[in-house]
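Have a look at the structure below before the remarks.
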Amino acid sequence: MSQRIRVFALGGLDENGKCLFVIEIDNDIFIIEAGLKYPDVTNPGIDAIIPNIAYLKQNKNKVRAYIITHGHDDQMGALPYIYRHVPAPIYGSSATIALIKQYSQSIVPAVKFEFVP
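Straight run, no breaks: the sequence shown in the working numbering ends on number 117.
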């Protein structure tokens, strides 16, 4: 039985930051990274730029997990914003999970994540 596998980016290509990659295997979606990008001086009043998550919101019932490789803003900084719309278990190292918890409480303290170390 053959599987349909798609790999694509929703951010992080041809730019510094905002990393978010999707691995879609049949009806399962795995999100690798959920980063943000800090705006430059041409975007006054904007604190952060996150990837376009319209595809993930439309397919949130297929999202099985976030896999966060490390605790830098460009890898995990958008997680507090995205997770509210597209919840799924978050996988990462103990250090990465600790950084996500610390960072997220200062951004969106009401978000309750499901972590899998």
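Every residue, glycine too, gets a C-beta built ideally from N, C-alpha and C.
Practice prompt. Look up residue 28 in the DSSP assignment and give the residues it is bridged to.
Written response: On the sequence shown, position 28 is the one that residue 28 refers to. BP columns for residue 28 point to 25.
Worksheet item: Which residues bound the alpha helix (DSSP H) around residue 38?
Response: The residue given as residue 38 occupies position 38 in the sequence shown. Per DSSP, residue 38 belongs to no alpha helix (DSSP H) and is neither H nor E.
Item to complete: Return helix, strand or coil for residue 110, following the three-state DSSP convention.
Response: Counted from its first residue, the sequence shown places residue 110 at position 110. Three-state result, residue 110: coil.
Discussion item. With the cut-off set at 8 Å, would you say residue 108 and residue 86 are in Cβ contact?
Written reply: Taking the first residue of the sequence shown as position 1, residue 108 is located at position 108. Taking the first residue of the sequence shown as position 1, residue 86 is located at position 86. In this structure, residue 86 does not lie closer than 8 Å to residue 108 by Cβ.
Fill in: Nearest candidate by alpha-carbon position, reference residue 71, set 110, 61 and 90
To locate residue 71, count along the sequence shown from 1; it is residue 71. The option with the nearest alpha carbon to residue 71 is 90.
Worksheet item: Less than 8 Å separating the beta-carbons of residue 95 and residue 35?
Response: Numbered from 1 along the sequence shown, position 95 holds the residue referred to as residue 95. Numbered from 1 along the sequence shown, position 35 holds the residue referred to as residue 35. Going by C-beta atoms, residue 95 is not nearer than 8 Å to residue 35.
Practice prompt. Throw me the rounded Cβ distance for the residue 82 and residue 53 pair, which I believe falls under 8 Å.
Written response: The residue given as residue 82 occupies position 82 in the sequence shown. The residue given as residue 53 occupies position 53 in the sequence shown. Confirmed, Cβ separation roughly 5 Å.
Discussion item. Less than 8 Å between the beta carbons of residue 67 and residue 25, yes or no?
Written reply: Against the sequence shown, residue 67 aligns to sequence position 67. Against the sequence shown, residue 25 aligns to sequence position 25. In this structure, residue 25 does not lie closer than 8 Å to residue 67 by Cβ.
Discussion item. At the level of alpha carbons, what is the spacing between residue 40 and residue 117?
Written reply: Stepping through the sequence shown from its first residue, residue 40 is reached at position 40. Stepping through the sequence shown from its first residue, residue 117 is reached at position 117. Going from the Cα of residue 40 to the Cα of residue 117 covers about 35 Å.
Worksheet item: Between the C-alpha atoms of residue 33 and residue 7, what's the straight-line distance to the nearest angstrom?
Response: Position 33 of the sequence shown, counted from the first residue, corresponds to residue 33. Position 7 of the sequence shown, counted from the first residue, corresponds to residue 7. Cα-Cα distance, rounded: 13 Å.
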